[in-house]
Every structure is written in C-alpha cells, then in structure tokens.
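Numbering (the numbering used here), first residue to last: 3 to 380.
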C-alpha cells in the first residue's frame, strides 16, 4: 500500500513537471536524438554560446532582486495614484508593461504586472476590463521587448551570435515597435471606460533602502554593459553573481538556461548534417522573414531563432521575423503562455473568450508587422 501511495504521488509530480517544463523536455529529447547522428565529442563545447547564458543569468539575478525589494510594485503604485478611469488604469498597466519589458524581459514583466492588474480591478469590483487589459499587456510585453537586446532571449542570442551593432539593432526594430505602440493605443478603445471616477485604495509597498536600490541599479547597468560589450561580459557576470544577495539564486529560472543548452546541442548537430544544412538554407533563401515568422507560430520564436540562425546570414530579416512572430498564436511567444495561465487560473470559464480575443488582436499586430516589413525592409 505504501508503495502504491508513493507511486501515486510521483506520477502527478512527473506530469506537472512535463507540463511546466515542456520546452525544456522537448529541447533535450531533440538533443539526445541528434546525438545518434553526431556522437558526442569536444565539438559540442563550441555549440554552446556561453556569453548568452552568462548575460541572461546576470540579468535574471538582478531582476529577481528588484522583485524581492518590491521595486516594480512601487513603480505601479506610484503611477496608479494619478489615474481616474478604468481605461486610464489599463493604459497605465499596459504602458508600464511595454516599457519595463525592454529592460527586464517580456516574461518577467508579465509575471510582475498581470497579477497586479487582476488585483487592482478586483478591488474596485469591476472585472470587465481584466481580459482585454491582460491580452494587451501580453502584446505590449512582446512588442516592447523587441526593441532591446536584453528584452527577450532571442534578441540577446542574435545580438551575440551575429555580432550586431547597436545602431543596426535599434534601427531595425524601431519602425516595428513604433507601429506596434500606435496600434496598442488604438486597441485601448476596446477596454471599457467604466462609469464614474476610478477610486482605489492600494496598500503602499514597504519602502526599500535607497542604498540597496542604487546598488542593484548599478549592478543592472553593469549587466547591460556586458550585453553591449562595454565591459567584458564575463567580468560583468562575475561581479553580478558575487555581488548579489544569495537568497535569489534559488529563484532563478535555470530551466531556461538548460533549454538553451539543449537547443544549442540539437542545432549544432543538425548543422553538422550536410543534407539537412543544405535543405534549410534552400528554404530560407530570400524569404527569411516569412519563414521565421511562420516557424515562430508553430514552435515559438526562441526555438525558431536558435534553429534558423545557423542556416542564414540575413540577421536583420531573422530579427524582424522572430520578433514579429512573437505575436500570433498563443505559443508564438512563451511569455504569452504565462499570461494565459495566470488569467485562466482565476477565470477558467473565460478561457475560450480569452483565446478568441487574443487570436484576433494578435492577428492585427502580425498583419501590421508584415506591412511595416514590406514598406521598410524588402
């Protein structure tokens, strides 16, 4: 009996792990399969982009500390004190998600501000704006994070892999992100304005020590300096790891780093198979943007980036394609899945409506990005 009970507890744990870490599991299944074609060797060391993993780790550590000291909660609290209508609340929360995602990544921005959105509207007993606001926050995070190398994992990877200049990166993404910001403003009209003036009594977050905030802001700047090669990346990463509080290390999403390693091995082995390499290069020829956008809809934009980058030198087209591809289907960006899970955990009966509205709005943004690409980059 004891054994059966033990087994019963293990099965749900395994099932939960597979659901939560599906991308990690898939990446390593693919990596292991590829090892049968290209046996493990010292060449595997060259597959892994250590700079990307190190910079990503440094950014995650500092952002985890920011969340620990409630820096983002204070920012949201300060902004919401000045709003007067439901639509202004939505605009504020969507705006802070849009801009913060450029620095703290799209998934962290959503993990931070989507629950805050649900709490705010629940407190004023008007939950109608929650669904459109959360969806627009998700789009805002995916669009806003596209503007910077540290905004999302695929950008950080491409910035390092292709050795892109800052000017090339920002000039490439600015038209798309600017157009997306305008459309976000238009979409705000879909959020119910509400009747009467908005009134909310939020509990003010506990003040953090100013010296602590300044100290970790310096570490954050140092981590970004490592991304942009202003200081050697390994120096920046080392100082951030050594200089940060150690209790946040257990909160880091190490599965993301391991996912990258799995895909690095799989894609490295794939590139070593000549027939596969020639096939993918032929598919990508002259249509990198459209192929990468389409691939993102099916396998998510991070795996699509890691896969396709090894078979094309058209860095600008790939950068545009995978970032435009972050909008579209629910799985086009893993950050979108985060919002959906947070929302449906409380409003499971509205999951169908969420997916419908999400798909329609994301379709508008994908169409817009294709138009921007056609105007500026063909």
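Quick reminder that beta carbons are idealized off the backbone N, C-alpha and C, glycines included.
Contact under 8 Å by Cβ, residue i with residue j
i, j, result
"residue 293", "residue 285", "yes"
"residue 164", "residue 151", "no"
"residue 188", "residue 89", "no"
"residue 290", "residue 323", "yes"
"residue 39", "residue 301", "no"
"residue 60", "residue 238", "yes"
"residue 212", "residue 179", "no"
"residue 258", "residue 155", "yes"
"residue 272", "residue 36", "yes"
"residue 96", "residue 142", "yes"
"residue 367", "residue 182", "yes"
"residue 55", "residue 371", "no"
"residue 221", "residue 242", "yes"
"residue 57", "residue 158", "yes"
"residue 82", "residue 122", "yes"
"residue 108", "residue 317", "no"
"residue 78", "residue 110", "no"
"residue 348", "residue 120", "yes"
"residue 168", "residue 230", "yes"
"residue 186", "residue 251", "no"
"residue 235", "residue 84", "no"
Same chain, Cβ closer than 8 Å to residue i, neighbours up to 5 away in sequence not counted
i, result
"residue 281", "none"
"residue 233", "224 and 227"
"residue 346", "352, 353 and 356"
"residue 101", "146"
"residue 149", "104, 172, 175, 176 and 179"
"residue 254", "59, 62, 63 and 66"
"residue 369", "none"
"residue 256", "none"
Span of the alpha helix (DSSP H) around residue i
i, result
"residue 100", "88-106"
"residue 79", "73-82"
"residue 276", "276-286"
"residue 189", "168-189"
"residue 57", "52-70"
"residue 217", "212-229"
"residue 361", "353-378"
"residue 133", "132-146"
"residue 154", "Note, residue 154: premise wrong, no alpha helix (DSSP H); not H, not E."
"residue 338", "336-348"
"residue 267", "256-273"
"residue 238", "235-245"
"residue 326", "317-326"
"residue 306", "303-310"
"residue 164", "Neither: residue 164 is in no alpha helix (DSSP H) and is coded neither H nor E."
"residue 32", "24-37"
"residue 383", "Here the chain comprises residues numbered 3 to 380, so residue 383 is not present and cannot be evaluated."
"residue 47", "46-49"
Contact belief for residue i with residue j at Cβ below 8 Å, rounded distance in angstroms
i, j, result
"residue 306", "residue 327", "7 Å"
"residue 63", "residue 215", "Rounded, the Cβ-Cβ distance is 16 Å, inconsistent with contact."
"residue 29", "residue 378", "Not confirmed; about 33 Å, so no contact."
"residue 103", "residue 147", "4 Å"
Residues near residue i in its chain [Cβ-Cβ closer than 6 Å; skip 5 each side]
i, result
"residue 341", "112, 116, 136 and 140"
"residue 5", "Because residue 5 sits at a pLDDT of 48, beneath the cut-off of 50, its placement in the model cannot be relied upon, and the point is left open."
"residue 3", "Its pLDDT being 41, under 50, residue 3 is placed unreliably by the model, and nothing is read from it."
"residue 105", "none"
"residue 304", "155 and 156"
"residue 308", "265 and 269"
"residue 331", "299"
"residue 376", "none"
"residue 32", "268"
"residue 283", "313"
Same chain only: Cβ atoms within 7 Å of residue i, ignoring 5 sequence neighbours per side
i, result
"residue 69", "114"
"residue 49", "266, 267 and 270"
"residue 27", "20"
"residue 247", "67"
"residue 245", "221"
"residue 47", "none"
"residue 132", "119, 120 and 123"
Any non-hydrogen atom of the ligand ADP within 7 Å of residue i CB
i, result
"residue 109", "What this structure holds is no ligand at all, so the ligand ADP is not there to describe."
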